[in-house]
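Just below is one structure, and these are the notes that go with it.
Protein chains in written order, with the numbering used here: chain A, -18 to 149; chain B, -15 to 121.
Following this line, the structure appears as structure tokens:
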């Protein structure tokens, strides 16, 4: 995981060769940011869509590159990489986005890549490391065959972004 | 059938915006009789060529001329083509002069409250367009 130190060791290594999701305790939705993988609670995601034309908003923070129309609804696009690490992914039409309910808001989340559903066993989840760039919003670190995945508290992340940007 | 809300379409830089036509007293050139009435840059950004000016009520008894790159024409928007800004976007942008969107040829086009835009500029409320400063620097 990008900027991710090794976990605390409180979790078992992920087993190899299991059928995906066969014995998952929880489902997350995984995305890629740089070299790292991050995930958030899968029930927050209503759909994965391809972005249409982006309408950019003046006077917007950089984590909000614009809005898109999806089935008649205008949705703000949230650039997760910019929000967490100030490294935006410059979303283009056709890029995939996850439509996410985060608290009272509905946003289209973009990242460097969308991996999709991730089954996680409870015993493969450990506490987040201290000092990670995104540790403020990390709930835990999980592991699977592909390595570590940072588990994000998405509603808190979106609320914090809003609070940080609300004009005084 | 409702005649719809007449919108004036105009361009600032690469972006197309709309504004209620009723907010525009007249369309002029970039040469403004009293330079203090010109509004060269706003939360919408700074125009490239500033070839036209949208003359609006400044709210203080004077007129203000918002300089734009071009006026693209009039378009009537029906009620179902007008949409509010998403709440999250409304909360985080640093201008209160964006009234919402008009769906024009299926593309959401920002509807600008021009009197609010010039008031913001006058009162120094609006931060500069953060998109460019944040994305590139």
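In this text, a Cβ means the ideal position worked out from N, Cα and C, and glycines have one as well. A quick note: this is a predicted structure, and the numbers were derived from the prediction, not measured.
C-beta neighbour in chain B for residue i, strict 8 Å
i, result
"residue 86 (chain A)", "yes"
"residue 41 (chain A)", "yes"
"residue 146 (chain A)", "yes"
"residue 90 (chain A)", "no"
"residue 34 (chain A)", "yes"
"residue 48 (chain A)", "yes"
"residue 68 (chain A)", "no"
"residue 37 (chain A)", "yes"
"residue 143 (chain A)", "yes"
"residue 45 (chain A)", "yes"
"residue -18 (chain A)", "Legend: pLDDT at residue -18 (chain A) = 45, less than 50; position of this residue unreliable, value from coordinates given subsequently. Closer than 8 Å: no."
Chain A contact for residue i (CB, 8 Å cutoff)
i, result
"residue 79 (chain B)", "yes"
"residue 108 (chain B)", "no"
"residue 119 (chain B)", "Bear in mind that the predicted position of residue 119 (chain B) carries a pLDDT of just 42, short of 50, making it too unreliable to give a figure here."
"residue 94 (chain B)", "yes"
"residue 67 (chain B)", "yes"
"residue 4 (chain B)", "no"
"residue 115 (chain B)", "Residue confidence is low: residue 115 (chain B) scores 46 on pLDDT, short of 50, so the model does not pin down where it sits. No coordinate-derived value is stated."
"residue 111 (chain B)", "Annotation note: pLDDT 47 at residue 111 (chain B) (below 50); position unreliable, coordinate value reported separately. Output row for residue 111 (chain B): interface = yes."
"residue 71 (chain B)", "yes"
"residue 75 (chain B)", "yes"
"residue 48 (chain B)", "no"
"residue -1 (chain B)", "yes"
"residue 91 (chain B)", "yes"
"residue 103 (chain B)", "no"
Straight-line gap, residue i to residue j (C-alpha atoms, nearest Å)
i, j, result
"residue 49 (chain B)", "residue 40 (chain B)", "6 Å"
"residue 103 (chain B)", "residue 78 (chain B)", "14 Å"
"residue 98 (chain B)", "residue 61 (chain B)", "17 Å"
"residue 87 (chain B)", "residue 51 (chain B)", "24 Å"
"residue 118 (chain A)", "residue 141 (chain A)", "9 Å"
"residue 11 (chain A)", "residue 37 (chain A)", "26 Å"
"residue -17 (chain A)", "residue 26 (chain B)", "At residue -17 (chain A), the pLDDT of 42 sits below 50, so the modelled position is not reliable; the number obtained from the coordinates is stated separately. Distance between the alpha carbons of residue -17 (chain A) and residue 26 (chain B) is about 39 Å."
"residue 7 (chain A)", "residue 77 (chain A)", "23 Å"
"residue 116 (chain B)", "residue 54 (chain A)", "Caution applies to residue 116 (chain B), whose pLDDT of 44 falls short of 50 and renders its modelled position unreliable; the model cannot decide the point."
"residue 20 (chain B)", "residue 29 (chain A)", "50 Å"
"residue 56 (chain B)", "residue 9 (chain A)", "47 Å"
"residue 18 (chain A)", "residue 95 (chain A)", "10 Å"
"residue -12 (chain B)", "residue 120 (chain A)", "50 Å"
"residue 1 (chain B)", "residue 13 (chain B)", "18 Å"
"residue 102 (chain A)", "residue 20 (chain A)", "14 Å"
"residue 6 (chain B)", "residue 83 (chain B)", "14 Å"
"residue 58 (chain B)", "residue 35 (chain B)", "18 Å"
"residue 50 (chain A)", "residue 66 (chain B)", "13 Å"
"residue 116 (chain A)", "residue 86 (chain A)", "23 Å"
C-beta contact flag for residue i and residue j at 8 Å
i, j, result
"residue 37 (chain B)", "residue -3 (chain B)", "no"
"residue 100 (chain A)", "residue 5 (chain A)", "yes"
"residue 35 (chain A)", "residue 47 (chain A)", "yes"
"residue -9 (chain B)", "residue 95 (chain B)", "yes"
"residue 126 (chain A)", "residue 14 (chain A)", "no"
"residue 88 (chain A)", "residue 59 (chain A)", "yes"
"residue 122 (chain A)", "residue 109 (chain A)", "yes"
"residue 57 (chain A)", "residue 32 (chain A)", "no"
"residue 71 (chain B)", "residue 100 (chain B)", "no"
"residue 44 (chain A)", "residue 16 (chain A)", "no"
"residue 80 (chain A)", "residue 26 (chain A)", "yes"
The ligand NAD heavy atom lying under 7 Å from the CB of residue i
i, result
"residue 127 (chain A)", "By its list of ligands, the structure shown contains no ligand whatsoever, and the ligand NAD lies outside what it can speak to."
Contact with chain E by residue i, beta-carbon distance below 8 Å
i, result
"residue -6 (chain B)", "Of the protein chains in the structure, A and B, none is chain E."
To test your reading of the DSSP string, which unbroken alpha helix (DSSP H) runs of 4 or more residues are found completely within the region -15 to 11 of chain B? none
At 3 residues or longer, what runs of the beta strand (DSSP E) sit wholly inside the region 35 to 91 of chain B? 36 to 41, 47 to 52, 54 to 61 and 82 to 88
Mind checking the region 20 to 36 of chain B against chain A and listing, in chain order, the residues whose C-beta falls within less than 8 Å of any C-beta there? 27, 28 and 29
What are the complete beta strand (DSSP E) segments, minimum 3 residues, inside the region 66 to 113 of chain A? Those beta strand (DSSP E) runs which fall completely within the region 66 to 113 of chain A and span 3+ residues are 77 to 83, 86 to 91 and 94 to 101.
Taking Cβ-Cβ distances below 7 Å as the criterion, which residues of the region 123 to 141 of chain A are in contact with chain B? Listed by position, the residues of the region 123 to 141 of chain A near chain B (Cβ gap below 7 Å) amount to none.
Unbroken alpha helix (DSSP H) runs of length 4 or more, entirely within the region 25 to 67 of chain A: which are they? 61 to 66
According to a CB-to-CB cut-off of less than 7 Å, which residues of the region 52 to 64 of chain A neighbour chain B? 55, 56 and 57
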